[in-house]
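Single-structure report; data block below.
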Amino acid sequence: GALGELFRARDNRTGQMVALRLVDAAIAGDPARREALLAAVHCVKAVSDPRVPALADDGQAGDRLYFAHAFAEGQPLSAYAGGRPVDVHTATEIAEQVADSLASASSVHGVVHGALEPASILVAPGNRVSILHLGLAEWTGRGAARSAAAGLTGGESGPADSAIARQARYMSPEQALGE
Numbered sequence: 291g292a293l294g295e296l297f298r299a300r301d302n303r304t305g306q307m308v309a310l311r312l313v314d315a316a317i318a319g320d321p322a323r324r325e326a327l328l329a330a331v332h333c334v335k336a337v338s339d340p341r342v343p344a345l346a347d348d349g350q351a352g353d354r355l356y357f358a359h360a361f362a363e364g365q366p367l368s369a370y371a372g373g374r375p376v377d378v379h380t381a382t383e384i385a386e387q388v389a390d391s392l393a394s395a396s397s398v399h400g401v402v403h404g405a406l407e408p409a410s411i412l413v414a415p416g417n418r419v420s421i422l423h424l425g426l427a428e429w430t431g432r433g434a435a436r437s438a439a440a441g442l443t444g445g446e447s448g449p450a451d452s453a454i455a456r457q458a459r460y461m462s463p464e465q466a467l468g469e
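Quick note: the sequence shown uses the numbering used here, first residue 291, plus one each step.
What follows is the structure, given as structure tokens:
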């Protein structure tokens, strides 16, 4: 993605599976972008919600900037129902979890999702929800597309106009208004 390479890895200290992000050299090598990304990463550390994969580690190894989140199991909400209707109880249960997580995150200064869409919501067995990219969405290709569509500054991946049009349907009212 626009932010860098993503790997499933094992944390040697804890033995836990993590999602390891090696930050793109163009971001890591640009002092202003690097500082902005690290500020966003440190805001994410303050979020404490069971549905938001916790930031396990961040730093630099050699010349590579990285960060690691707890690994989240599940399938994207966009694939969850397989094209079939979801019953009202299940849909409500999933929506409540998403809303609770976003409310929890919004209480931490500087943390917004910025690119919430079905692909950034994982649903695991038992309808357990995980919210991906929280606080870092503007650094992803899709988040950059939303920012560009709204006329906001942020991610600089240069998305195509068609990507902007596809992502606008999930744009928050604040983004659409350029706030």
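Ideal Cβ placement from N, Cα and C applies to all residues, glycine included. A quick note: this is a predicted structure, and the numbers were derived from the prediction, not measured.
Where do the ends of the alpha helix (DSSP H) carrying residue i lie?
{"i": "L392", "result": "378-396"}
{"i": "L367", "result": "367-370"}
Using DSSP's beta-bridge definition, name the partner residues of residue i.
{"i": "G294", "result": "V313"}
{"i": "A414", "result": "R418"}
{"i": "V308", "result": "A299, A360"}
Can you tell me where the beta strand (DSSP E) with residue i in it begins and where it stops?
{"i": "H359", "result": "354-360"}
{"i": "A322", "result": "Looking at the DSSP string, A322 is not in any beta strand (DSSP E); the run it does join, the alpha helix (DSSP H), is 321-335."}
{"i": "L345", "result": "345-351"}
Quick one: what's got a C-beta closer than 6 angstroms to residue i's C-beta in the same chain, skipping five residues either side?
{"i": "L367", "result": "P408, I411, V413"}
{"i": "G319", "result": "none"}
{"i": "D314", "result": "G294"}
{"i": "Y370", "result": "V413"}
{"i": "K335", "result": "L345"}
{"i": "R354", "result": "L312"}
{"i": "G425", "result": "A330, C333, V334, V401"}
{"i": "D347", "result": "A358"}
{"i": "Q350", "result": "none"}
{"i": "L422", "result": "S410"}
By Cβ distance, which residues of its chain are closer than 7 angstroms to residue i, with the 5 residues on each side in sequence left out?
{"i": "M307", "result": "R298, R300, F361"}
For residue i versus residue j, is the C-beta spacing smaller than 8 angstroms?
{"i": "R311", "j": "I317", "result": "no"}
{"i": "C333", "j": "V398", "result": "yes"}
{"i": "W429", "j": "A292", "result": "yes"}
{"i": "E363", "j": "N417", "result": "no"}
{"i": "V337", "j": "S420", "result": "no"}
Does the beta carbon of residue i come closer than 8 angstroms to any beta carbon on chain B?
{"i": "E386", "result": "In the displayed structure, chain B is absent; only one protein chain is listed."}
For residue i, count the other beta carbons within 10 Å of its own beta carbon; 16 or more makes it buried, fewer makes it exposed. Which is it?
{"i": "H359", "result": "buried"}
{"i": "G445", "result": "Reliability of the predicted coordinates at G445 is poor, the pLDDT of 41 falling under 50, and the value obtained from them is presented with this limitation in mind. Label assigned to G445: buried."}
{"i": "P340", "result": "exposed"}
{"i": "A435", "result": "In this predicted model, A435 has a pLDDT of only 45, less than 50, meaning its place in the structure is not dependable; the value taken from the coordinates is given anyway. Buried."}
{"i": "V378", "result": "exposed"}
{"i": "G468", "result": "exposed"}
{"i": "S396", "result": "exposed"}
{"i": "A381", "result": "exposed"}
{"i": "P343", "result": "buried"}
{"i": "L296", "result": "exposed"}
{"i": "A385", "result": "exposed"}
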